[in-house]
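Visitor: Starting off with a structure, shown below.
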Amino acid sequence: MKFNFIVLAMTAISLQVSAQSDRWQQRVKYQMEVDFDAAKHQYKGKQKLIYSNNSPDTLHKVFYHLYLNAFQPGSQMDVRSRTISDPDPRVKDRISKLTPSEIGYEKVLSLKHNGKAVKYEVVGTILEVTLKEKILPKTQHTFEMDFEAQVPIQIRRTGRDNAEGIDYSMAQWYPKMSEYDYEGWHANPYIAREFYGVWGDFDVKLTIDASYVVAASGYLQNPDKIGHGYTQKEVKHKPGDKLTWHFIAPEVHDFMWAADRDYKHDVIKVDDNLDMHFFYQTDTLANVWKEMEPLAVRCFKIMNEKFGRYPYKQYSVIQGGDGGMEYAMATLITGRQNLGGLVSVTVHESIHSWFQQILGTNESKYAWMDEGFTSYAQNIVMAELFPSRLDAQRGSTAGYRNLVKSGLEEPLTTHADHFNTNRAYSTASYAKGAVFLNQLGYIIGSQKLESGMKRYYNEWKFKHPNPNDLKRIMEKESGLELDWYWEDFVGTTKTIDYGIKEVVSNAAKTTVVLEKIGQMPMPLDVVVSYKDGSQENFNIPLELMRGEKSEAMYSKTTLLNDWGWTYPEYSFTIDRNLADIERIVIDPSQRMADINPDNNSYPSISKELPRFKADKVVK
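Residue 1536, in the numbering used here, is where the sequence shown stops; the numbers in between run on with no holes.
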């Protein structure tokens, strides 16, 4: 009896261990042939999709995204835009006014699974497919589809004839398999926010009138037949001819293309392993594009050095779209801007190649990890491109504070589609996401943040990292416990507010009393400037961290006892007379997003502190 119990117990343990498998990822391989009719703004396509089920689960259904169906009156995107309190001005009620020739659609004409027809139903922007043959774990299956589509008038990201006169911005243009991951299917309806895709390879053949210059994700396979700036060989085409463009994009989770008859095509080398392509209309501030191009090249060099090497051999900056939006190996941006605006949007969308296109986070659930981290890196790059700019991250912090004061803030855990207002979504995702990283550098030290971001990139590229994956990287890199930071700053809208409550002269010494006014705890740097010109940083670790940061920002740092998060006050003693002290400041680096910085200094000041400059910076 005892023996049987032991055997059963060991079997149960064995089953539990085997169930704890490593994170897996599905895999796709697309082959698409598309015949485009520019006169009708319509196209027909054939798609062969090889789907690898690397999960431990048996799949009874699959789902495709049909994004263009959103551009129809009465769609969820249309209704959402007309009912939200602060609609995107590019959308508003425009979808509701589209005529049949202006709408977008994707129609599936036939679908086979392993050679056999299957049942499917179109539900808005999602194709629900019921399988006759189950997709067992660790098996590979083939789906073959015939489809046709119409390109809508440009309203949001994709479409034709945009405000700048670009003929076609072809994003979210093909039936795209939804992602299935450790959380299950992600077949969310499209309402104009973020995306999530399956890693794979794309082989795309596009046939279109030869007068169009095509820019796309991937590498052009037949440049000598195409011309249009892809080869130095002179290639001529007769009016009315059609060309078949053949692109291959390896190890990506999306494929985009754009076409215009007036595109100018420039190619600039970043280094021996990377070319940058630029597509723009010659009549839209072409001289500004020429000024932007070398700055875009510098952006890639800075990002390669600070965050990790861009792994592809090509990147394209394409005039099109309705602002800026990142895609695999390329971006669509508006082109009629001054130099600063053009560089800023190019830098931002290019950096998305790191945070979203290579680190393929579920951007719909964790937009702050893509938009926010991109904004953080953008601030760094723009400060190097334009050195006269003030503190690179200060604008993000100001945006976050303004959102808090508005009362509209929602937690970063809110799904991108479900924020109550566009303002809350945008500020949380872009500004608070950037503040998250900048403030993390304050907690663990700037050097640990930089090395941690490189480690995060190298360990999680071509995967789907989530917030906990980033947390574990930073904990390993810093040696600190950081779950408290993720729990409060990501999972809640608790705010940080510390103040200097009292400074008391005590004979030859000075006692400083600090107070925690906000709900969220933080470690503190309290920097004392003496009248003799010297400085001393008093570092107060947060007990929850189980350690303290190492950061050589000040010539002298005194480590104090931990502050337990439940205690509303904390005091420490300076071995100097109060008369010797010129100023005491909580976090003069302003990396901590204290919601009320006015009470962070002694003597108190009501205006913003001047730009901080550490007395010692170690690179």
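C-beta atoms are modelled at their ideal positions from N, C-alpha and C, and glycine is treated no differently. Source: prediction; values computed, not measured.
Are at least three pairs of beta-carbons, each pair with one atom in the segment 1112-1120 and one in the segment 942-954, less than 8 Å apart?
Guide: Verdict: yes, contact present.
Visitor: Could you check whether residue 1029 and residue 1064 sit closer than 9 Å to each other, using their CB atoms as the reference points?
Guide: Result no, Cβ atoms of residue 1064 and residue 1029 do not sit closer than 9 Å.
Visitor: What number of angstroms, rounded off, separates the C-alpha of residue 1527 from the C-alpha of residue 1245?
Guide: Because residue 1527 sits at a pLDDT of 44, beneath the cut-off of 50, its placement in the model cannot be relied upon, and the following sentence gives the value as read from the coordinates. Taking the straight line joining both Cα atoms gives about 41 Å.
Visitor: Once you ignore the five residues that flank residue 1518 on each side, which residues in its own chain have a CB closer than 8 Å to its CB?
Guide: Within the same chain, residue 1518 has close Cβ partners 1417, 1500, 1501, 1502, 1503, 1526.
Visitor: Less than 9 Å separating the beta-carbons of residue 1220 and residue 1169?
Guide: The answer is no: Cβ separation not under 9 Å.
Visitor: Run through DSSP, which three-state label would residue 1281 get?
Guide: Coil.
Visitor: So which of 1092, 1203, 1281 has the shortest CA-CA distance to residue 1335?
Guide: Nearest C-alpha to residue 1335: 1281.
Visitor: Is it the case that the Cβ atoms of residue 985 and residue 1043 are separated by a distance below 9 Å?
Guide: Against a cut-off of 9 Å, the Cβ pair of residue 1043 and residue 985 comes out as no contact.
Visitor: Where residue 1279 and residue 1386 are concerned, what is the direct C-alpha to C-alpha distance, given to the nearest angstrom?
Guide: Computed Cα separation, rounded: 13 Å.
Visitor: List the endpoints of the continuous beta strand (DSSP E) containing residue 1521.
Guide: Premise fails: residue 1521 is in no beta strand (DSSP E) and is neither H nor E.
Visitor: Assess contact between the segment 1416-1432 and the segment 1482-1499, defined as three or more Cβ pairs (one per stretch) separated by less than 8 Å. Is contact present?
Guide: The segment 1416-1432, when compared against the segment 1482-1499, does touch it at the 8 Å Cβ threshold.
Visitor: When the Cα of residue 1604 is compared with those of 1342, 1193, 1506, which residue comes out closest?
Guide: This structure cannot settle anything about residue 1604, because the visible part of the chain is limited to 918 through 1536.
Visitor: According to DSSP, is residue 1460 part of a helix, a strand, or is it coil?
Guide: The answer is helix: DSSP assigns residue 1460 an H, G or I state.
Visitor: Use the C-beta contact count for residue 1186: other C-beta atoms within 10 angstroms, 16 or more gives buried, fewer gives exposed.
Guide: When all chains shown are included, residue 1186 counts as exposed.
Visitor: Can you list, in chain order, the residues of its chain with a C-beta nearer than 6 Å to that of residue 1055? Leave out the 5 residues immediately preceding and following it.
Guide: Counting only Cβ-Cβ distances below 6 Å, and skipping sequence neighbours, we find nothing.
Visitor: What first and last residue would you give for the alpha helix (DSSP H) that runs through residue 1141?
Guide: First-last of the alpha helix (DSSP H) with residue 1141: 1140-1143.
Visitor: Less than 8 Å between C-beta atoms, sequence neighbours within five positions excluded: which residues of the same chain meet that for residue 1463?
Guide: Cβ within range, chain order: 1397, 1398.
Visitor: Under three-state DSSP, which class holds residue 1054?
Guide: DSSP places residue 1054 in coil when its eight states are reduced to three.
Visitor: What are the residues that DSSP puts in a beta bridge with residue 1174?
Guide: Paired residues: 1087, 1133.
Visitor: CA-CA distance, residue 1513 and residue 1291?
Guide: Rounded to whole angstroms, residue 1513 to residue 1291 spans 26 Å at the Cα level.
Visitor: Check whether the Cβ atoms of residue 1072 and residue 997 sit closer than 9 Å, and answer yes or no.
Guide: For residue 1072 and residue 997, no; Cβs fall outside 9 Å.
Visitor: Is the beta carbon of residue 1373 closer than 9 Å to that of residue 1275?
Guide: Not closer than 9 Å, so no.
Visitor: Could you check whether residue 1176 and residue 1157 sit closer than 9 Å to each other, using their CB atoms as the reference points?
Guide: No.
Visitor: May I ask which residues mark the beginning and end of the alpha helix (DSSP H) holding residue 901?
Guide: In the structure as shown, the chain begins at 918 and stops at 1536. Residue 901 is therefore absent and cannot be evaluated.
Visitor: Skipping 5 residues on each side, what residues in its chain have a beta carbon closer than 7 Å to that of residue 1516?
Guide: Same-chain partners within the cutoff: 1416, 1417.
Visitor: The beta strand (DSSP E) spanning residue 1509 covers which residue range?
Guide: Neither: residue 1509 is in no beta strand (DSSP E) and is coded neither H nor E.
Visitor: Rank 1447, 1450, 1460, 1351 by C-alpha distance to the C-alpha of residue 1406 and give the top, closest one.
Guide: Closest option to residue 1406, Cα to Cα, is 1351.
Visitor: Is DSSP giving residue 1221 helix, strand or coil here?
Guide: Three-state result, residue 1221: helix.
Visitor: Secondary structure at residue 1425, three-state DSSP: helix, strand or coil?
Guide: Coil at residue 1425, not helix or strand.
Visitor: In chain order, what residues of the same chain lie with their CB nearer than 8 Å to the CB of residue 1520, ignoring the 5 residues before and after it?
Guide: Within the same chain, residue 1520 has close Cβ partners 1500.
Visitor: Three or more C-beta pairs closer than 8 Å, one from the segment 1206-1215 and one from the segment 1131-1139: is that the case here?
Guide: At 8 Å Cβ cutoff, the stretches do not touch.
Visitor: For residue 1239, count neighbouring Cβ atoms within 10 angstroms of its own Cβ and tell me buried if that reaches 16, exposed if not.
Guide: Buried is the call here.
Visitor: Determine the direct distance from the alpha carbon of residue 1130 to that of residue 1097, and round the result to whole angstroms.
Guide: One C-alpha to the other measures close to 35 Å.
Visitor: Is residue 1404 helix, strand or coil by DSSP?
Guide: Of the three classes helix, strand and coil, the one that applies to residue 1404 here is helix, per DSSP.
Visitor: Do you know whose CA, among 1159, 1242, 1251, 1191, lies nearest residue 1198's CA?
Guide: Residue 1198 has its Cα closest to that of 1251, out of 1159, 1242, 1251, 1191.
Visitor: Here's the rule I'm using: 16 or more other beta-carbon atoms within 10 Å means buried, otherwise exposed. How should residue 1086 be labelled?
Guide: By the 10 Å Cβ count, residue 1086 comes out buried.
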